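Residue numbers (the working numbering): 794 to 1412.
Using N, Cα and C, we set each Cβ at its ideal position, and we do this for glycine too.
What you are looking at is a predicted structure, and each value in this text was computed from that prediction instead of being measured.
First the structure, in the form of structure tokens, and then the observations on it.
Written as structure tokens, this is what we have:
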């Protein structure tokens, strides 16, 4: 069946019927081998971003072992998404494969985390790696290659420290991303486990402001998560600390933070591991879930779910919500299992001889209260391998969130989600005054009499992703209002949107571009895209398609930013295979650069059938 697309502000022609939640059974399919990821093994962190800006989401895996040139199983790996459900392992520089053997050994591995963040706002995601020993920062050159800039940037850390997770966020709201690095251990005598805050100076260098900011927390941090706890527009931080107190730091708005853990009711003095943030009860305030070591479920060490009351206080409602017990927890993330609008919860588990299945808690939101039930076994997600990181993202771009898990002693697990029966919206953000990817932005959607709130942050255990904000919308077929609250105070609003589409919002321009996907066999009979050749190309390219009847066909070509760079049309007096050509040289006035471009074909007949494709122009 052909996948057709509808342009912005055109009604979706076929509405998807919302199925019952029981229909989710066995709807996750393990695709690791089909996707070409089976060669990766024994990983700590995993991070996802569109590093080449071709419209698909790529994966960077962190191998736990110390790097050895002779053993490819010790290499960190970058996998490029081919756009057809498979990934290609990309050859990288030796430095990007990870650090070699450090001074000491560690049961947690030698290489730990990976965090994507565009620190220079050039549109291409850069990459920070946390290690046992010096950390690494790689600048994305925009041509598929990376250059290590650790020394110049001043973000290496210490040779004797084990750094865990790194967080990109704009702590001072100056429009560029700063970097917070968690430290779990220091192996020298007189150890220093204080975390680092590096302020981005805007010239490719960073300043260590850990002490001055009040964020030099020494608590053996595993994960740091951003949250605007009081909705004042400033990003606060919650730290999951091992062997002691977790910490909450309130952003004062003047480049300093205050430790306010007890004041906000966020104490949890056990073995904090992973953290996730969302509005899981729909009250407009962001809640916090934390994983701990809950081997037997005895004693006090369970996983808290801190519900935000909106009055400067969080209340732990994990037990009443049903998410307090989840094994030996590591990574965790909220996502929408069925696109019903409720935020569900994934927790991955395991440690050496301690065997637990992974947990998938479905949120049966009712009456303003989040009530979760573990459906991992029912949907095929109760894997018992020793896991670490977990990412929810739409790797096949079909409108629902798939799950990727990194496993400490085995292959990763990529699960394709076939349970997403509700409507959805994918919102990619492009900051202008704010940071390029809008990290820290709040997205609100009003549809079907409900309001959905999401925070764009991307952080997780041992990783950070740059992904669109995904919203499941249940039975809604139109969006009344979409609002983006940007870091720094900017606000954009767009009304009357169709559901089931990928859109881009650029800050301050009120510009939205989007392509929605529906499957419509009736329209497929009138227009069917074959593809363009050559692709990639450096001269002209010819777009081939099948036309069922005579009529006019228009061609529109867009840059990934949403800019329309070409528009033309032609009348075809016959049916069968037809062609339209595009030569970027004829659009020279637009100074088109090398890169990925999207094109749309549309018939002029009443049904307005539309097809879309992707092509790579190389100057």
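By the Cβ test, the segment 1227-1242 is not in contact with the segment 936-956, since fewer than three Cβ pairs between them sit closer than 8 Å. If you draw a straight line from the Cα of residue 1150 to the Cα of residue 1206, it is about 13 Å long.
Its Cα nearest to that of residue 1190, the residue 1220 stands out among 1178, 1177, 1172, 1220. Only residues of its own chain outside the window of five on either side were considered, and among them 816, 817, 820, 821, 1130, 1131, 1172, 1193 have a CB closer than 8 Å to the CB of residue 1212, listed in chain order.
Taking residue 1218 as the centre and dropping the five residues before and after it, the same chain places the C-beta of 1238, 1263, 1264, 1266, 1272, 1275, 1290, 1292, 1293, 1294, 1296 closer than 8 Å to its C-beta, in chain order.
In this structure, residue 1256 lies near residue 1182, with their beta-carbon atoms less than 8 Å apart. Straight-line measurement puts the Cα of residue 831 at about 18 Å from the Cα of residue 890. Note: residue 1326 is bridge-paired with 1335 in the DSSP secondary-structure output.
With a cut-off of 8 Å on Cβ pairs, the segment 1154-1170 is not in contact with the segment 833-840, counting fewer than three such pairs. Within the same chain, 1063, 1064, 1085, 1086, 1087 come within 8 Å of residue 1094 by CB-CB distance, once the 5 residues on both sides are set aside. Straight through space, the alpha carbons of residue 1320 and residue 1380 are spaced by roughly 26 Å.
For residue 1328, same chain residues with a beta-carbon under 7 Å away, outside a window of 5 residues either side, are 1334, 1408, 1409 in chain order. In the same chain as residue 1038, and ignoring 5 residues on each side of it, the C-beta atoms closer than 8 Å to its own belong to 1012, 1054, 1060, 1061, 1062, in chain order. Between residue 1346 and residue 1359, the gap from beta carbon to beta carbon reaches 8 Å or more. Per the DSSP secondary-structure output, residue 1162 pairs in a beta bridge with 1159.
Per DSSP, residue 863 lies in no beta strand (DSSP E) segment and is marked neither H nor E. For the segment 820-848, the full-length beta strand (DSSP E) segments reaching 3 residues or more read 821-823, 836-842 along the chain.
Check the Cα spacing between residue 1208 and each of 1216, 961, 1215, 1199: the tightest is with 1199.
Contact annotation: residue 1177 and residue 1148 have beta-carbon atoms nearer than 8 Å. About 12 Å separates the beta carbons of residue 1072 and residue 1098, which is beyond the 8 Å limit, so they are not a contact pair. Residue nearest to residue 1046 within the set 932, 1126, 965 is 965 (criterion: CA-CA distance). Within its own chain, the residues whose Cβ lies closer than 6 Å to the Cβ of residue 1153, once the five positions on either side in sequence are excluded, are 1139, 1168, 1169, 1174, listed in chain order.
Here the segment 974-983 makes contact with the segment 952-959; the two share three or more CB pairs at distances below 8 Å.
Excluding the 5 residues flanking it on each side, residue 1251 has same chain C-beta neighbours closer than 7 Å at 1232, 1257, 1258, 1259, 1260, in chain order. In this structure, 1278 is the residue among 1269, 1278, 1241, 1227 with its C-alpha nearest to the C-alpha of residue 1247.
Residue 1377 carries a helical assignment under DSSP once its states are collapsed to helix, strand and coil. A distance below 8 Å separates the beta carbons of residue 968 and residue 1281. Using a Cβ distance threshold of 8 Å, residue 1368 and residue 1402 do not count as a contacting pair. With respect to residue 874, residue 850 sits close: the two C-beta atoms are nearer than 8 Å.
By a beta-carbon distance limit of 8 Å, residue 1069 contacts residue 1126. Their separation comes to about 5 Å. Around the Cβ of residue 1057, a 10 Å sphere holds 16 or more other Cβ atoms; the residue is buried.
Contact check for residue 994 against residue 973 fails: the beta carbons are separated by 8 Å or more. CA-to-CA, the gap between residue 950 and residue 992 works out to about 14 Å.
The alpha-carbon of residue 1049 is positioned some 30 Å away from that of residue 839. A direct Cα-to-Cα measurement between residue 1180 and residue 1384 gives close to 48 Å.
Burial state of residue 1412 is exposed, judged by a 10 Å Cβ sphere holding fewer than 16 other Cβ atoms.
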